[in-house]
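Remarks on the structure that follows.
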Amino acid sequence: MGAVTAGRVVRVAGPLVEVRDIGPVAMHDLVTLGPSAIPGEVVAIRDGLVSLQAYEYTGGLGPGAAAVPAGRPLSVRLGPGLLGRVFDGLLRPLSSAPAFLRPGAAIKDGDQAWYFEARVSEGDAVRPGQLLGVVADAGALEHRVLVPPGTSGVVECLADGKCAADAVIATVGGVPVGLCADWPVRVPRPYRVRRTAVEPLRTGQRVVDLLFPIARGSAAAVPGGFGTGKTVLLQQLAKWCDADVIVYIGCGERGNELAEVVAELFELTDPRTGGRLADRTVVIANTSNMPMMAREASIYTGVAVAEFYRDMGYHAVVIADSTSRWAEALREFASRTGALPAEEGYPADLASALAAFYERAGSVETLGGSSGSVTIIGAVSPPGGDMTEPVTAHTERFVRARWTLDRDLAYSRHYPAVSWSSSFSRDAPAIGSHHVRENDPNWPARRDRVIALLAEADRLAALAELVGAATLSAPERVVLLGGRLLRDGVLQQSALSTVDASGGDEKAAALVEAVLAVVDECRRLVGAGVAVEDVEEFDFTELVRLRERAGPRDVELIGRSRDAVLAGLRRLT
Amino acid sequence: MTGGVEFTGVRELRGPLVVVADVTGVGWDEFVRIRLSSGELRHGLVLEVDHDLAVVQVLEGTAGMSCAGTALEFTGSPFGIPVGTGWLGRVCGGRGQPIDGGPPVFGTRREPVTGAPLNPTWREPPAEPVLTGVSAIDALTTLVRGQKLPLFSLPGLPHLELATQIAAQSTVGGAQFCVVFAGIGLTHADAAFARDALEERSAAGELVLLLNTADDPVVERILTPRIALTVAEELAFRGGRHVLVVMTDMTSYAEALREVSAARGEIPARRSYPGYLYSDLASLFERCGRIRGRPGSVTVLPVLTMPGGDITHPVPDLTGYITEGQIVFSAEAHARGVYPPVAPLASLSRLMRNGAGAGRTRADHLDVAAQLLAALARAQQVRDLAELIGLSGLSRTDRAYLEFEEAFRGELLGQRRGETRSLDDTLERAWRVLLRLPRSELAMLPTALLEQR
Chain A
321 MGAVTAGRVV
331 RVAGPLVEVR
341 DIGPVAMHDL
351 VTLGPSAIPG
361 EVVAIRDGLV
371 SLQAYEYTGG
381 LGPGAAAVPA
391 GRPLSVRLGP
401 GLLGRVFDGL
411 LRPLSSAPAF
421 LRPGAAIKDG
431 DQAWYFEARV
441 SEGDAVRPGQ
451 LLGVVADAGA
461 LEHRVLVPPG
471 TSGVVECLAD
481 GKCAADAVIA
491 TVGGVPVGLC
501 ADWPVRVPRP
511 YRVRRTAVEP
521 LRTGQRVVDL
531 LFPIARGSAA
541 AVPGGFGTGK
551 TVLLQQLAKW
561 CDADVIVYIG
571 CGERGNELAE
581 VVAELFELTD
591 PRTGGRLADR
601 TVVIANTSNM
611 PMMAREASIY
621 TGVAVAEFYR
631 DMGYHAVVIA
641 DSTSRWAEAL
651 REFASRTGAL
661 PAEEGYPADL
671 ASALAAFYER
681 AGSVETLGGS
691 SGSVTIIGAV
701 SPPGGDMTEP
711 VTAHTERFVR
721 ARWTLDRDLA
731 YSRHYPAVSW
741 SSSFSRDAPA
751 IGSHHVREND
761 PNWPARRDRV
771 IALLAEADRL
781 AALAELVGAA
791 TLSAPERVVL
801 LGGRLLRDGV
811 LQQSALSTVD
821 ASGGDEKAAA
831 LVEAVLAVVD
841 ECRRLVGAGV
851 AVEDVEEFDF
861 TELVRLRERA
871 GPRDVELIGR
881 SRDAVLAGLR
891 RLT
Chain B
246 MTGGVEFTGV
256 RELRGPLVVV
266 ADVTGVGWDE
276 FVRIRLSSGE
286 LRHGLVLEVD
296 HDLAVVQVLE
306 GTAGMSCAGT
316 ALEFTGSPFG
326 IPVGTGWLGR
336 VCGGRGQPID
346 GGPPVFGTRR
356 EPVTGAPLNP
366 TWREPPAEPV
376 LTGVSAIDAL
386 TTLVRGQKLP
396 LFSLPGLPHL
406 ELATQIAAQS
416 TVGGAQFCVV
426 FAGIGLTHAD
436 AAFARDALEE
446 RSAAGELVLL
456 LNTADDPVVE
466 RILTPRIALT
476 VAEELAFRGG
486 RHVLVVMTDM
496 TSYAEALREV
506 SAARGEIPAR
516 RSYPGYLYSD
526 LASLFERCGR
536 IRGRPGSVTV
546 LPVLTMPGGD
556 ITHPVPDLTG
566 YITEGQIVFS
576 AEAHARGVYP
586 PVAPLASLSR
596 LMRNGAGAGR
606 TRADHLDVAA
616 QLLAALARAQ
626 QVRDLAELIG
636 LSGLSRTDRA
646 YLEFEEAFRG
656 ELLGQRRGET
666 RSLDDTLERA
676 WRVLLRLPRS
686 ELAMLPTALL
696 EQR
């Protein structure tokens, strides 16, 4: 035997294809269908009838067409050359595909050769995850070739120098190790142990870093209705967060937007390395008009790529926009297979699928003993802005932070429209202790004060809408003013600004301190008998504009402006 | 491949569907010719093939069909139409059949109407405006070439008037431009109105008009926008034209989709619309864009009515998630007699910052638009406040905001039907409206600009 037997298609309904006589196949195995070899994945087997989900348009496919098992699960080829490029949901390079994507027009990668530099010697005994060598010409980030999981022994036949992408660079314990390796996307890559130490992922967005920070290896969800600036926020995170590798998954979203983000990444400079931001980014694009089932796979593909870099000892961030579209693909397919629907037609295993995805985030000690992390940030697009719908409701149980985007804030052009009242971060206490250890002992107290002031201002604003601000007491009106100053002077951050698009810890701390000092002074003034109207009508423009003027470390300028505003206020007496 | 072979084993007729048995060599999504016993020819698409059974949806509906005497011929290829400049100046029905008394539309090639997804790496980010000659849109929600910008309306509001006005008078500043107007589920009166309003541009050979009326078969409605977009893609990406595709009313389209889905016994999602409504709408709207290295563009302006005025209804909600902004009508503005009754604060064009400003429209455009919106937001707050405490309790500045809002509606937003305003006219009106406010309130305008006034 050994020869691959072809089965035949018996039923086609959109992406659902059923085949018979295909011989032994396993769940999640890859099968190619018809003359244009459309890839499909086994999702059910019953009495010899095998159900597949096809990853491309199945037009023209009909009963009798051949179905050839590939003998392996849906896998992607991981190796050098991923950074700085755009791929589809099955990690096939789109950069080298034609303008219009027709099924069967197989997307092939150019056979690029790489320069491999060995870091071990023949005869060395190596263990899984250990460094074999690096690819010298793979870009700014050192590309490390590791001993694959489950392989160990003595290194033989070690290559050195130029080799093709599909070259074998060594044998380890008699097993050939390639420069690139296939990995089944649905299987989490193994690691030694999860690390418990917490270090913050700096996102460059003040509202996140100050109020709802996340740790490296955490997961965060960004729910927001349309028009709340969700995509812009995610793009800002992709550009400015301090990770080594960003995997940006455009999952069922707009083509023009994706084109724009790619164009921007190629233009912008990475403040950490001086190279292009694109050189640390892998873009996985499955726009909303591309085949639906590849959208389902794209999420796993993205995480597998991130884990690949994590294993090299890097900090990777997966940004998925939007997981709701992925859930819709699950629903669409479940309905085709006639699965019993749960809430709103979603399959009953939606919650476990979401959990399995977010649980692939983590900060770990790799097989090779270095530390790396995968952080997952997933957008959620609740239909009608309804936060109780299944995808939003399930997601928030599995994430460490939720950055809820508020439509009212977005309508009043307050960006990023992250709501302070309905967001949370379960990492905040641990990150607070980290800041305390790392030379900012006031961090937890400052965060508490900001949150308390914002909450109090919200409560009073709701009251003022009913009874009018004039009926509030003077200290209460100072609280209202303080809330406004915090919102305008600290939390707002323009994605288009050349100075303020990305913040910094020092600047954020200084801005908050400045606003709080001014609020304290206002409170003192009204306590000392100054008319609250005079305080309210004071020109705070300098304070509010400060975020647009001060660079990431310009603490001095912020201090000077604060003092100028304070001095101006004192003249009111 | 199998063209020519007819199958007659019709087993089931249900809603718009025919189930035919004992077929061989049939592929999914194939185009089918159906011959009735009366000799009448109808058309269909394969929805599912299961062993020797094929489920076909009939474009013209199953009325009058019987199991006996119906023969189906499978063409072996998806539903396609001839494409090319032959469409310009024509008036056709929802399936692309001529209704202007002319011959069938000919083209040099045929293209499947489903289209193929555009490789996102080939997309050129949109950057130049389409000038609609409507102040509310040009000033505040500039339509950008390659964008998809929907118009959210309510039943009874003049969205068809505005859609035809935009279709009739839009330009792209000298470059080759044409319009594909797809009427989906229009009443006969509306269809006649659209024909009338677009006659001039049609006669000039700059317009393709597709009209599916409300009493046409429901499946046909699913094809109409696809035909429109296929025609547009050819005119744009091979013909080098800038093409504006206006599609109205997409709510009728979604209802047609729901009807077919229900007939197929699919599991419904929100409000009984099929679970794939998002992907289906995206497969239409995402066909807009520009391609690197090619001159033309496809801009999509879908019009939809929000049932019950509910913006969270699945059709406007999913549309909003796909499109790059939205123009929203307000019943309140309509009641005040404003045309077009656009609600500026709820409207947004996400690509405006790329398509307006220096070198695109006018250097002061983005600042003026930002200032207008900020002032309108403040004016609304003042109006809310005035309702509580009365006009007399307002400060002088607050009263200026109310006057500003009045002037905004009267001089900038309000426009006669059929009136085309140049961009300069629109922006000068915007300045006049803004200057009703004290200069200290115009903080978003650069001082250099203010000093010139």
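Note that the protein sequences, when read in sequence, are chains A and B. For the first sequence, the residue numbers in our numbering are 321 to 893. For the second sequence, the residue numbers in our numbering are 246 to 698. Note that the Cβ used here is the ideal one computed from N, Cα and C, for glycine as well.
With DSSP run on the structure shown, which of helix, strand or coil describes residue i?
i, result
"T247 of chain B", "The predicted model places T247 of chain B with a pLDDT of 42, which falls under 50 and marks its position as unreliable, so this point remains unresolved."
"H558 of chain B", "coil"
"E673 of chain B", "helix"
"W723 of chain A", "coil"
"G888 of chain A", "helix"
"S685 of chain B", "helix"
"Q556 of chain A", "helix"
"L792 of chain A", "coil"
"W332 of chain B", "helix"
"N606 of chain A", "strand"
"H610 of chain B", "helix"
"H754 of chain A", "helix"
"M321 of chain A", "Caution applies to M321 of chain A, whose pLDDT of 37 falls short of 50 and renders its modelled position unreliable; the value that the coordinates give is listed next. M321 of chain A: coil per DSSP, three-state reduction."
"Y312 of chain A", "Chain A is shown from 321 up to 893; residue 312 of chain A falls before or after that span and cannot be answered."
"G545 of chain A", "coil"
"L455 of chain B", "strand"
"V875 of chain A", "helix"
Taking residue i as the query, report the chain A residues whose CB atoms sit under 8 Å from its CB, ordered along the chain.
i, result
"G270 of chain B", "G382, G384"
"G520 of chain B", "E648, R651, E652, S655, G665"
"W332 of chain B", "Correct list: empty, because the minimum Cβ distance to chain A is about 20 Å."
"L633 of chain B", "G788"
"T557 of chain B", "P703, G704, G705, D706"
What separation, rounded to the nearest whole angstrom, lies between the Cα atoms of residue i and residue j?
i, j, result
"E587 of chain A", "D599 of chain A", "11 Å"
"R615 of chain A", "E857 of chain A", "53 Å"
"G665 of chain A", "T621 of chain A", "25 Å"
"A390 of chain A", "D431 of chain A", "22 Å"
"D778 of chain A", "E686 of chain B", "25 Å"
"A829 of chain A", "A737 of chain A", "20 Å"
"L647 of chain B", "V627 of chain B", "7 Å"
"E776 of chain A", "L800 of chain A", "8 Å"
"G347 of chain B", "R335 of chain B", "8 Å"
Could you check which residue in the options has the C-alpha nearest to that of residue i?
i, options, result
"P749 of chain A", "A:V518, A:R412, A:P344", "A:V518"
"G655 of chain B", "B:L292, B:A381, B:C312", "B:A381"
"H714 of chain A", "A:D728, A:G682, A:A668", "A:A668"
"S691 of chain A", "A:A583, A:G449, A:T657, A:E853", "A:G449"
"N457 of chain B", "B:L618, B:R466, B:L405", "B:R466"
"T550 of chain B", "B:L431, B:S283, B:L298", "B:L431"
"A490 of chain A", "A:C483, A:A479, A:A484", "A:A479"
"A524 of chain B", "A:G545, A:R767, A:I696, A:L650", "Note that residue 524 of chain B is Ser in the sequence shown here, rather than Ala. It is A:L650 whose Cα lies nearest to the Cα of S524 of chain B."
"G809 of chain A", "A:V787, A:E826, A:A834, A:V603", "A:A834"
"W676 of chain B", "B:L630, B:A614, B:G659", "B:A614"
At a CB-CB cut-off below 7 Å, which residues of chain B make contact with residue i?
i, result
"G888 of chain A", "None at all; the shortest Cβ gap to chain B is about 18 Å."
"S732 of chain A", "A622"
Could you work out which residues of chain A lie near residue i, taking near to mean beta carbons separated by less than 9 Å?
i, result
"G565 of chain B", "G545, F546, G547"
"G534 of chain B", "G575, N576, A579"
Say the cut is 7 Å; is the CB of residue i nearer than that to a heavy atom of the ligand ATP?
i, result
"V389 of chain B", "Looking for the ligand ATP in the displayed structure turns up nothing, as the structure carries no ligands at all."
Name, please, each residue of chain A whose Cβ falls closer than 7 Å to the Cβ of residue i.
i, result
"G444 of chain B", "Here the sequence assigns Glu to residue 444 of chain B, which means Gly is not the residue at that position. Within chain A, no residue comes near E444 of chain B; the closest Cβ sits about 33 Å away, beyond 7 Å."
For a contact defined as C-beta to C-beta under 8 Å, what are the partners of residue i on chain B?
i, result
"R422 of chain A", "A361"
Exercise. At which residue ranges does the region 476-502 of chain B contain complete alpha helix (DSSP H) runs of 4 or more residues, listed in the order of the chain?
Worked result: The region 476-502 of chain B is shown to contain no whole alpha helix (DSSP H) run of 4 or more residues.
For this session: Would you list, in sequence order, the uninterrupted alpha helix (DSSP H) runs of no fewer than 4 residues that lie entirely inside the region 513-587 of chain B?
Result: Runs of the alpha helix (DSSP H) lying entirely within the region 513-587 of chain B and spanning at least 4 residues, in chain order: 522-530, 559-567, 576-580.
Problem set entry | Residue ranges of each alpha helix (DSSP H) within the region 669-722 of chain A, 4 or longer | For the region 669-722 of chain A, whole alpha helix (DSSP H) runs of length 4 or above, ordered along the chain, are 670-678, 710-718.
Exercise. Where in the region 422-451 of chain B do unbroken runs of the alpha helix (DSSP H), each at least 4 residues long, occur, reported from the N-terminal end onward?
Worked result: As far as the region 422-451 of chain B is concerned, its whole alpha helix (DSSP H) runs of at least 4 residues are 433-442, 444-448.
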